Amino acid sequence: MTPLTYLQGYPEHILLKVQRLIEQQRLAELLTQRYPNSHGVTSDKALYQYTLELKNRYLRHAPPINKVAWDGKIQVLKHALGLHTAISRIQGNKLKAKAEIRVATVFKAGPEDFLRMIVVHELAHLKEKQHDKAFYQLCCHMEPRYHQLEFDTRLWLVQKALTAQECP
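Take the position in the sequence shown, starting the count at 1, then add 142; the result is the number in this note's numbering.
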């Protein structure tokens, strides 16, 4: 796997700029300058509280969230950065629905802005199931820098992959 796998679908001129940053060994420095602070959200309970605060601020009338957790099983390339699942169960004559959000544990050590972008993305799925225009408008409503943060999160993953290649 090449580190630029995280940037599939981006235009060639963007990929060339990223490649130049990598060759000049400036990608890590750029990301550290832009995002110097990490977050302190390390437990599932803290992640649930963090997510609930965002939900209550922007999506008060959306369905409740039953569980939010860090998930070490999420493979970032296959499952993106987090998961939103809706579980429906029949209990007697009632249909019970539960919403769960899981965030890849790789982001425990990441910048708060990246965590916020992922949580915003998963919260948007409470109202909009598809990745369509309405979905991204909702993401941008909750986080105006959503698209830049998503790109920078992918750059951060590229840098992590490069670091892992250097230190097996």
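Built from N, CA and C at the ideal position, the CB exists for glycine as well.
What you are looking at is a predicted structure, and each value in this text was computed from that prediction instead of being measured.
If you reduce the DSSP assignment to three classes, tell me which class Pro206 lands in.
Walking along the sequence shown from the start, residue 206 turns up at place 64. Of the three classes helix, strand and coil, the one that applies to Pro206 here is coil, per DSSP.
Between Leu291, Tyr177, Lys240, Leu189, which has its C-alpha nearest Ala246's C-alpha?
Within the sequence shown, residue 246 is the residue found at index 104, counting from 1. Minimum Cα distance to Ala246 is reached at Leu189.
Output the boundary residues of the alpha helix (DSSP H) element that contains Ala251.
Within the sequence shown, residue 251 is the residue found at index 109, counting from 1. Segment: none, Ala251 is in no alpha helix (DSSP H) and carries neither H nor E.
Look up Val183 in the DSSP assignment and say whether it is helix, strand or coil.
Within the sequence shown, residue 183 is the residue found at index 41, counting from 1. If DSSP states are grouped into helix, strand and coil, Val183 belongs with coil.
Hey, how far is the Cα of Gly182 from the Cα of Arg162?
Counting from 1 along the sequence shown, the entry for residue 182 is found at position 40. Counting from 1 along the sequence shown, the entry for residue 162 is found at position 20. For Gly182 and Arg162, the distance between alpha carbons rounds to 32 Å.
Meets three-Cβ-pair contact criterion under 8 Å: the segment 275 to 283 and the segment 295 to 304:
no
Which residue's Cα is closest to the Cα of Phe256: Thr174, Ala239, Asp186, Asn198?
As a first step, residue 256 is located in the sequence shown; it is residue number 114 there, counting from the start. The candidate whose alpha carbon is nearest that of Phe256 is Thr174.
Going along the chain, which residues of its own chain have a beta-carbon closer than 7 Å to the beta-carbon of Met259, five neighbours each way excluded?
Within the sequence shown, the letter at position 117 stands for residue 259. Around Met259: Glu285, Tyr288, Leu291, Glu292, Thr295.
Could you pull out every unbroken alpha helix (DSSP H) segment of at least 4 residues lying fully inside the segment 273 to 309, listed in chain order?
275 to 284, 288 to 308
Report the rounded CA-to-CA distance for Pro205 versus Ser185, giving the unit in angstroms.
Reading the sequence shown from its first residue, position 63 is the one you call residue 205. Reading the sequence shown from its first residue, position 43 is the one you call residue 185. For Pro205 and Ser185, the distance between alpha carbons rounds to 23 Å.
Lys269 - DSSP class collapsed to helix/strand/coil
Numbered from its first residue, the sequence shown carries residue 269 at position 127. Reduced to three states, the DSSP call for Lys269 is helix.
Straight-line CA distance for Lys269 to Gln166?
Taking the sequence shown and counting its residues from 1, the one referred to as residue 269 is at position 127. Taking the sequence shown and counting its residues from 1, the one referred to as residue 166 is at position 24. Roughly 42 Å separates the two Cα atoms.
For Ala170: DSSP bridge partner residues:
The residue labelled residue 170 in the question sits at position 28 within the sequence shown. Note: Ala170 sits in no beta bridge, so no partner.
Among residues of its own chain, excluding the 5 on either side of Tyr192, which ones have a beta-carbon nearer than 6 Å to its beta-carbon?
Start at 1 with the first residue of the sequence shown, and residue 192 comes out as number 50. Here the set comprises Val183.
Which residue wins for smallest C-alpha separation from Pro253, given the options Ala239, Lys240, Tyr177, Leu157?
Taking the first residue of the sequence shown as 1, we reach residue 253 at position 111. The shortest C-alpha separation from Pro253 is found at Tyr177.
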